[in-house]
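Down below is the structure, laid out as structure tokens.
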Amino acid sequence: MRVLVTGGAGYVGSHTVYALLEAGHQVWVLDNLSRGHAEAIPSNLLTVGDIHDVPLVVELLRRHRIEAILHFAAFALVGESVQHPERYYENNLRGGLALLQAMLQADVRKMVFSSTCAVYGVPTHSPISENAPTNPINPYGRSKLAFEWALADLAHSGQIGYAALRYFNAAGARPDGTLGEDHDPETHLIPLVLQTALGLRPYVEIFGTDYNTPDGTCIRDYVHVDDLANAHVRALERLHVGQAIVCNLGIGRGYSVREVIAACQEVTGRRFVVREAARRAGDPPRLVAEPTYALQVLGWQPRYRDIANIVETAWRWHRSHPQGFRSQ
Ligand code: UFG
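Under the numbering used here, the first residue of the sequence shown carries the number 856, and numbering increases by one thereafter.
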């Protein structure tokens, strides 16, 4: 298929660009590079521009006869979303609505949307199925859920088909070490631990050791970025107009912060300082996906199921790119 990937220079977006190319699709990327990296993707695919720019998007969609959009362009920092909710509604919601407007004008009728488990907030049950109530506790999660509602209404009206893929904790890197995670600021656990192992940070902090979990630290479902990319390709290939697919993407098993740090110590073979610190505001104790619907609707199963294997791929990237894409 001929597809446009918004935010294709970002972390999950760029891995998906390669998965799409490998599956034989024709890919164009729109990214304003506010958070993404031009180095992450082949330069001939990239148009530097913004999803808010409806005339530009319509022109791209028409010129390349695009059949579907994979929409990743968004801000994704929970803490920042609490400080600056306006940025999140502007970019994630209004930007998304502008993209929908352009899509309808250009008669493109399919979208695969990068959503998040943050739409569930603090779940009452674990693992979390797609039927769990959505009750996001921060502007990031609310901005993503609000856009899901717009997609659902457009699908219901028969104008589009969409898949909203709610990822749990995206982690890891392309196994050949050429592509990986590079956020500024970095807030995610695995890259922070690996940067500490490299000596780029003096210590790593465990945010909260008094949770009601076996070792007192938060539990998350870490899913490999290439597995996420593969799920996007599957969603694209299965989707038809009028359809609404809402699907969790996780491995269905959780690891605690202490277990992740132990895996990083084992994989890197390095010793580093670990400090116990206060809880981080807004962190639910346990977020684990019930992954069976993804198998049913997308035929998707994660290939990476062990945290050490995920960390190994991330370590290859961080070791060869200690400054991220600036190391190239
Ligand atoms: N953590 C630490 N120390 C750190 C960084 C993180 O202990 O230095 C802990 C966090 O408290 C959390 C776990 O490690 O318990 C994972 O934290 P991340 O920041 O890596 O990931 P989150 O679970 O906070 O965030 C992920 C996605 C978000 C999404 C959120 C939903 O990255 O996009 O899940 O809650 F919104």
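All C-beta atoms, glycine included, are put in the ideal place defined by N, C-alpha and C.
- Rounded to the nearest whole angstrom, the CA to CA distance from Q1178 to G904 is 25 Å.
- Here the alpha carbon of R1056 sits roughly 12 Å from the alpha carbon of E1041.
- Where Y995 is concerned, there is no enclosing beta strand (DSSP E), although the alpha helix (DSSP H) around it starts and stops at 994-1011.
- Around Q1098, the same chain offers A1010, G1016 as residues with beta carbons nearer than 7 Å, after the five sequence neighbours per side are excluded.
- Contact annotation: L900 and G863 have beta-carbon atoms nearer than 9 Å.
- Spanning the alpha carbons of N1085 and E941 requires a straight line of approximately 32 Å.
- Take T971, set aside five residues on each side of it, and the residues of its chain with a beta-carbon closer than 7 Å to its own are G996, K999, R1021, Y1022, in chain order.
- Bounds of the alpha helix (DSSP H) holding H1087 are 1080-1093.
- Judged by DSSP in its simplified three-state form, Y1077 adopts strand.
- Taking each of D908, G934, T902, A931 in turn and checking the Cα distance to H919, the smallest one comes out for T902.
- When DSSP states are grouped into helix, strand and coil, G862 belongs to the coil group.
- In the pairwise beta carbon analysis, the region 870-880 is classified as touching the region 1072-1085: at least three pairs are separated by under 8 Å.
- Residue W1155 holds the alpha-carbon nearest to the alpha-carbon of L1091 among W1155, I1074, H907.
- Excluding its 5 nearest sequence neighbours in each direction, V913 has C-beta neighbours in its own chain below 8 Å: A957, Q960, A961, listed in chain order.
- The criterion of a C-beta distance shorter than 9 Å is not satisfied by N990 and G1105.
- Secondary structure note for E1131: its beta strand (DSSP E) is the uninterrupted segment 1129-1132.
- Per DSSP, reduced to three states, the secondary structure at A893 is helical.
- For M958, the enclosing alpha helix (DSSP H) has its first and last residue at 950-960.
- Spanning the alpha carbons of A1149 and I992 requires a straight line of approximately 25 Å.
- With fewer than 16 neighbouring CB atoms inside 10 Å of its own CB, G879 falls in the exposed class.
- Straight through space, the alpha carbons of T1147 and V1122 are spaced by roughly 29 Å.
- With 16 or more other CB atoms across the displayed protein chains lying within 10 angstroms of its CB, H1176 is buried.
- The alpha-carbon of I1116 is positioned some 31 Å away from that of F968.
- In the displayed model, E1060 falls within a strand according to three-state DSSP.
- For the set C1073, V884, Y1058, the Cα lying nearest the Cα of D1065 is the one of C1073.
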